[in-house]
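*Asks:* Pasting a structure below so you can have a look.
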Amino acid sequence: MLVNDLLKVIVSVTDTSLAEQFQAAVGNSNGFDIIDALQGQRPDLLIIELGDVPEDDFTRIEELLGEGKVKEIFLCAQNSDPAILMRTMRAGVKEFFPLPLDLNEVQNALTRFKGRVEKTALPAGEKNGRIISVGGSKGGVGTTTVAVNLAVACAESDSKPSVALLDMNTLFGEIPLFLEISPKFHWGEITKNISRLDESFLMNVLTPHASGVHVLPSPAYLNGHHSPTPDIMQRLLDLMRRVFDVVIIDAGQSMSDASLKGLQLSDMVLLISILSLPCLSNTSKLLRSYIDLGYVKRERIKVVLNRYMKKSEISLSDAEAGISQPVFWTIPNDYKASMEAINSGKPLSQLAPRSEIARSFAQMAEKLMPSRETESKKRWSLFRR
């Protein structure tokens, strides 16, 4: 659609007084046109109320968004307890209004919606988002733990950037378990529908987490899905870079063509290691391979030591000498908190917010944040008030 086109809105609310309030808010906002559902036109925005059987409504919302029949859905409800808010977010609803209605909040939400649509319609400008790949030098070093908690820490940082988390573990990725989410889609939807890939389609495929992170998981089972190609990775990451401030890729140990393309497109590669001789040996080999084969320039590869203990048999200086590169960051060893977080499906910032390991992730996130003015950020916030 053209930027100057009126955005079509359907207000599907049974309460007459409430419907009139929404219609007044839409009517007082520039760039919108209220249409009747009976006209047969596809709306850009659908405003609905939560009925007596909420799960039926949420299922329908997911269907409408998943099929691309509407760009966004706004929802209002008398009940605004945490369970309803969480389910609202998981369904893909962009704005939620507790009743009684605050007309100023509705108009602010309409302004945000219009801004998102206009950004989608405008041609892509300079790359804004930062892509950070998190790869493991060996199995079992905690790559997914780092990727998940770093993504959450970025989303919760002072600058409140928009954050996406992409799982490039080819099969059976574990990110949904780490965040206790039940994704309806995975990146197989992208590979099957690459011709439909745009911002609206992408946002409908992603699964939002309460922290603000939007997750694109890998397939959970063998189902004949299409594997991503380097070209698909290029298109996907180019779009995600325009939509999000930060994109974290859990690259695992994958060395597929698509994964290597992801490394090439990354602004930074965090190579996760631990203080053990086999792991440090692998780290050194991977560093040389990435650089010698031209996948990543040396200055863009940062080594992160996970489960770091100051009194380890191998000192930090010995490790740096062995890999011929300084260590970028050390994440303290906290087995108890880490395992409790994994087993409960909660990020460390929620399970153990005052722990040293949670603070370490928060500090690393601040260090990695792109330096841009707040006004230039592209945010996808559901319940910003």
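Every letter in the sequence shown is one number past the one before it in this note's numbering, and letter 16, counting from 1, is 463. Virtual Cβ for every residue (Gly too), placed ideally from N, Cα, C.
Glu542 by DSSP, collapsed to three states: which one?
*Replies:* One-based indexing of the sequence shown puts residue 542 at position 95. Here Glu542 sits in strand by DSSP.
*Asks:* Taking the alpha-carbon positions, what's the Arg577 to Pro608 distance?
*Replies:* In the sequence shown, residue 577 corresponds to position 130, counting from 1. In the sequence shown, residue 608 corresponds to position 161, counting from 1. Looking at the two C-alpha atoms, the distance is approximately 11 Å.
*Asks:* Grab me the residues of Ile748's own chain with a C-beta within less than 7 Å of its C-beta, minus the 5 sequence neighbours each way, in chain order.
*Replies:* In the sequence shown, residue 748 corresponds to position 301, counting from 1. Taken in chain order, the residues that qualify are Val716, Leu718, Leu734, Tyr737.
*Asks:* Note down, in chain order, each residue of its chain lying with its Cβ closer than 8 Å to the Cβ of Asp605, except the 5 sequence neighbours on either side.
*Replies:* Within the sequence shown, the letter at position 158 stands for residue 605. Cβ neighbours of Asp605 beyond the five flanking positions: Glu813.
*Asks:* In the DSSP assignment, what are the bridge partners of Ala471?
*Replies:* Translated into the one-based positions of the sequence shown, residue 471 becomes position 24. The partner list for Ala471 (beta bridge, DSSP) is empty, contrary to what the question assumes.
*Asks:* Consult DSSP for Met533 and reduce its assignment to one of helix, strand or coil.
*Replies:* Walking along the sequence shown from the start, residue 533 turns up at place 86. Correct three-state label for Met533: helix.
*Asks:* So what's Arg801 in DSSP terms, helix, strand or just coil?
*Replies:* As a first step, residue 801 is located in the sequence shown; it is residue number 354 there, counting from the start. Coil at Arg801, not helix or strand.
*Asks:* For the pair the segment 473 to 484 and the segment 451 to 465, tell me if three or more CB-CB distances fall below 8 Å.
*Replies:* Segments in contact, yes.
*Asks:* Among Ile761, Leu712, Ala698, which residue has its Cα nearest to the Cα of Arg688?
*Replies:* On the sequence shown, residue 688 is found 241 positions in, with the first residue counted as 1. The option with the nearest alpha carbon to Arg688 is Leu712.
*Asks:* Given a cut-off of 8 Å on the beta-carbon distance, is the pair Thr591 and Phe560 in contact?
*Replies:* Within the sequence shown, residue 591 is the residue found at index 144, counting from 1. Within the sequence shown, residue 560 is the residue found at index 113, counting from 1. No.
*Asks:* So within the segment 751 to 786, which uninterrupted beta strand (DSSP E) runs reach at least 3 residues, ignoring any that extend past its ends?
*Replies:* The qualifying runs are 774 to 779.
*Asks:* Reducing DSSP to helix, strand and coil, say where Pro623 ends up.
*Replies:* For this step, residue 623 is matched to residue 176 along the sequence shown. It is helical.
*Asks:* Quick one: using the 10 Å Cβ neighbour count with 16 as the cut-off for buried, is Pro547 buried or exposed?
*Replies:* Numbered from its first residue, the sequence shown carries residue 547 at position 100. Pro547 comes out exposed.
*Asks:* With DSSP as the reference, identify every bridge partner of Val581, one or two as the case may be.
*Replies:* As a working note, residue 581 is residue 134 in the sequence shown. Paired residue(s): Asp697, Leu717.
*Asks:* Taking 8 Å as the threshold (C-beta atoms), are Asp714 and Ile622 in contact?
*Replies:* The residue you call residue 622 lines up with position 175 of the sequence shown. The residue you call residue 714 lines up with position 267 of the sequence shown. For Ile622 and Asp714, no; Cβs fall outside 8 Å.
*Asks:* Round the Cβ separation of Ile494 and Phe469 to the nearest angstrom and send it over; I've been treating them as touching at under 8 Å.
*Replies:* Numbered from its first residue, the sequence shown carries residue 494 at position 47. Numbered from its first residue, the sequence shown carries residue 469 at position 22. Sure, about 5 Å apart at Cβ, within 8 Å.
*Asks:* Cutting at 6 Å between CB atoms, please list the residues of its own chain near Ser464, excluding the five before and the five after it.
*Replies:* Within the sequence shown, residue 464 is the residue found at index 17, counting from 1. So no residue of the chain qualifies.
*Asks:* Let me confirm a value: Val458 is counted as buried when at least 16 other C-beta atoms fall within 10 Å, else exposed. Which label applies?
*Replies:* Walking along the sequence shown from the start, residue 458 turns up at place 11. Label assigned to Val458: buried.
*Asks:* Name the residue from Val610, Glu542, Arg537, Val473 whose alpha carbon lies nearest to the alpha carbon of Gln554.
*Replies:* Taking the first residue of the sequence shown as 1, we reach residue 554 at position 107. The shortest C-alpha separation from Gln554 is found at Val473.
*Asks:* Determine which residues share a DSSP beta bridge with Val662 and list them.
*Replies:* If you number the sequence shown from 1, residue 662 lands on position 215. Looking at the DSSP assignment, Val662 forms a beta bridge with Leu612, Thr654.
*Asks:* According to DSSP, what are the bridge partners of Arg523?
*Replies:* Within the sequence shown, residue 523 is the residue found at index 76, counting from 1. According to the sequence provided, residue 523 is Cys. The question's Arg does not apply to it. Beta-bridge pairing links Cys523 to Glu496, Phe544.
*Asks:* Within 8 Å, do at least three Cβ pairs link the segment 638 to 646 to the segment 591 to 600?
*Replies:* At 8 Å Cβ cutoff, the stretches do not touch.
*Asks:* Restricting to Cα atoms, I'd like to know which of Gly587, Met786, Leu649 is closest to Glu636.
*Replies:* Mapped onto the sequence shown, residue 636 falls at position 189. When only C-alpha atoms are compared, the closest one is Leu649.
*Asks:* Pick helix, strand or coil for Asp480, following the three-state DSSP scheme.
*Replies:* Stepping through the sequence shown from its first residue, residue 480 is reached at position 33. Strand, per DSSP.
*Asks:* Identify the continuous beta strand (DSSP E) that holds Lys455 and give its terminal residues.
*Replies:* Working through the sequence shown from its first residue, we reach residue 455 at position 8. Looking at the DSSP string, the run of the beta strand (DSSP E) that includes Lys455 is 454 to 459.
*Asks:* Can you tell me the Cα-Cα spacing of Gly572 and Asn729, whole angstroms?
*Replies:* In the sequence shown, counting from the first residue as 1, residue 572 sits at position 125. In the sequence shown, counting from the first residue as 1, residue 729 sits at position 282. Because Gly572 carries a pLDDT of 44, less than 50, the predicted location of this residue cannot be relied on, and no value is offered for it.
*Asks:* In whole angstroms, what is the alpha-carbon distance linking Glu502 and Ala524?
*Replies:* For the purposes of this step, residue 502 is identified with residue 55 of the sequence shown, where counting begins at 1. For the purposes of this step, residue 524 is identified with residue 77 of the sequence shown, where counting begins at 1. Going by the C-alpha atoms only, they are around 13 Å apart.
*Asks:* Ile778 and Val693 - do their beta-carbons sit closer together than 8 Å?
*Replies:* Numbered from its first residue, the sequence shown carries residue 693 at position 246. Numbered from its first residue, the sequence shown carries residue 778 at position 331. Not a contact, by the Cβ cut-off of 8 Å.
*Asks:* Lys749 bridges to which residues according to DSSP?
*Replies:* Sequence index remark: in the sequence shown, residue 749 carries index 302 (1-based). According to DSSP, Lys749 bridges with Leu717.
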